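Asks: Using our numbering, you'd call the opening residue of the sequence shown number 145 and step up by one each time.
Okay, here's the structure, questions in a sec.
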Amino acid sequence: MPDPAPLAGEAVMRRFKNILEARGLGDIEAGPVDDAPAPDEPGHPEYHRRRRADWALKRWETATPYRYQNATATDAAVLEWATAAATAPRDAGFLLLTGPFGTGKTHQAYGALRHIADTGPEHYEVIALTAPDMYALLRPQGSDRGPEYEVRRLMRVPLLLIDDLGTEKISEFTEEATYRLLNERYNECRPTIITSNLPTQDRNGPDLVDKLGERITSRLSQMTTVVEISGRDRRRGAA
Ligand SMILES: Nc1ncnc2c1ncn2[C@@H]1O[C@H](COP(=O)(O)OP(=O)(O)O)[C@@H](O)[C@H]1O
Ligand SMILES: [Mg+2]
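Structure, rendered in structure tokens:
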């Protein structure tokens, strides 16, 4: 019985070998193939982390007002919280930045959000808004989709910044909305940043308890890193 015809692939390989031999390259062996991806190639964890970070930083830019586009967190306690929020968001709790007007609370807050984006978290989504804008949004005619939709969106977003809480007049409506929102984020352990000009406690003047009520501040006190941002009013000193 004749040998079966060589497979087409084998025939090609034999011809290929003959050509190489004719050129004196017959005994070149194929070397080991290193096909592990480099850090800048798909498949390498660093490549995918960087892609997530670039995407998250774009989202951060969209959520960030022009004035704070270059904001970087410099306060050690703020950075520590941001690192915790990036690595184990459910354990980070809330971050409350207090201090007088112009000391850099909003700057540190956006800086913290940027720091989280830059670590390339698995899932980055952020809403940043001032408390007055938030309450306007939550009013009955405040948005096309209605207050219930908006409050749920704020409850569920992975990262929330409420800037300047406590500046507005407290009403039953604002108290209720703030409580529902913060209580849900507290229960679900979703990282939340709050800034406020009001101190957490002041016997001689208004503080957060007076403004927000005991129900809310007691929630806050259980899981909040409070960072006092002090120093001069940067808006006045600006050259
Ligand atoms: N670390 C910083 N480096 C550079 N500029 C800063 C820094 N912190 C604050 N600023 C600037 O100083 C001004 C006041 O800061 P801001 O964060 O708005 O203060 P606050 O929210 O405490 O009232 C802003 O124009 C801000 O851009
Ligand atoms: Mg501010």
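Glycine included, each C-beta is placed from N, C-alpha and C at the ideal position.
In this text the structure is predicted, and so the values were computed from the model without any measurement.
With distances taken from CA atoms, which of 276, 232, 243 and 315 is nearest residue 334?
Replies: The shortest Cα separation from residue 334 among 276, 232, 243 and 315 belongs to 232.
Asks: Can you give the beta carbon distance from residue 242 to residue 370, rounded, assuming they're within the 8 Å contact cut?
Replies: Contact flag correct, Cβ pair sits at about 7 Å.
Asks: Near ligand 2, which residues have their beta-carbon less than 6 Å from any of its heavy atoms, given in chain order?
Replies: Answer in sequence order: 249, 250, 307, 308 and 339.
Asks: DSSP three-state call for residue 245: helix, strand or coil?
Replies: Note: residue 245 maps to coil in three-state DSSP.
Asks: Specify the secondary structure class of residue 220 as computed by DSSP and reduced to three states.
Replies: Helix.
Asks: Measuring only the C-alpha atoms, how far is residue 257 from residue 349?
Replies: Straight-line Cα distance between these residues: approximately 31 Å.
Asks: To the nearest angstrom, how far is the alpha carbon of residue 263 from that of residue 255?
Replies: Answer to the nearest angstrom: the Cα atoms are 13 Å apart.
Asks: In the DSSP assignment, what residue or residues form a beta bridge with residue 336?
Replies: According to DSSP, which records beta bridges pairwise, residue 336 is partnered with 238 and 304.
Asks: Using three-state DSSP, classify residue 383 as helix, strand or coil.
Replies: Caution is warranted here: a pLDDT of 44 is assigned to residue 383, below 50, making its placement in the model unreliable, and the coordinate value is therefore given only provisionally. Here residue 383 sits in coil by DSSP.
Asks: Beta-carbon within less than 7 Å of residue 253's beta-carbon, same chain only, minus the 5 sequence neighbours each way: which residues are those?
Replies: Same-chain partners within the cutoff: 241, 305, 307, 337 and 339.
Asks: With a threshold of 8 Å (Cβ to nearest heavy atom), would residue 237 be considered close to ligand 1?
Replies: No; taking the cut-off as 8 Å, the Cβ of residue 237 has no heavy atom of ligand 1 nearer than that.
Asks: For residue 291, which residues of its own chain have a beta-carbon under 7 Å away from its beta-carbon, when the five flanking residues on both sides are left out?
Replies: 282, 283 and 284, listed in sequence order.
Asks: Would you identify the three-state DSSP class for residue 177, choosing helix, strand or coil?
Replies: Looking at residue 177 - three-state DSSP - the assignment turns out to be coil, as it is neither helix nor strand.
Asks: Helix, strand or coil: which one does DSSP assign to residue 261?
Replies: Three-state DSSP puts residue 261 in a helix.
Asks: Does the beta-carbon of residue 245, which I'm using as the reference point, lie nearer than 8 Å to any heavy atom of ligand 3?
Replies: Among the ligands in the structure shown, ligand 3 does not appear; only ligand 1 and ligand 2 can be found there.
Asks: For residue 323, is the beta carbon positioned less than 8 Å from some heavy atom of ligand 1?
Replies: Outside the cutoff, so no.
Asks: Which residues share a DSSP beta bridge with residue 372?
Replies: 242, per the DSSP bridge assignment.
Asks: What would DSSP say about residue 321, mapped onto helix, strand or coil?
Replies: Three-state result, residue 321: helix.
Asks: Classify residue 247 as buried or exposed, calling it buried when 16 or more other Cβ atoms lie within 10 Å of its own Cβ.
Replies: Residue 247 comes out buried.
Asks: Using the Cα positions of residue 237 and residue 229, report the straight-line distance between them to the nearest angstrom.
Replies: Approximately 8 Å between the Cα atoms of the pair.
Asks: With a threshold of 6 Å on Cβ separation, who are the neighbours of residue 274 within its own chain once the five nearest residues in sequence on each side are excluded?
Replies: 307 and 308.
Asks: For a quick check, are the C-beta atoms of residue 286 and residue 319 less than 9 Å apart?
Replies: The answer is no: Cβ separation not under 9 Å.
Asks: Quick one: grab the DSSP three-state call for residue 330.
Replies: Residue 330: helix per DSSP, three-state reduction.
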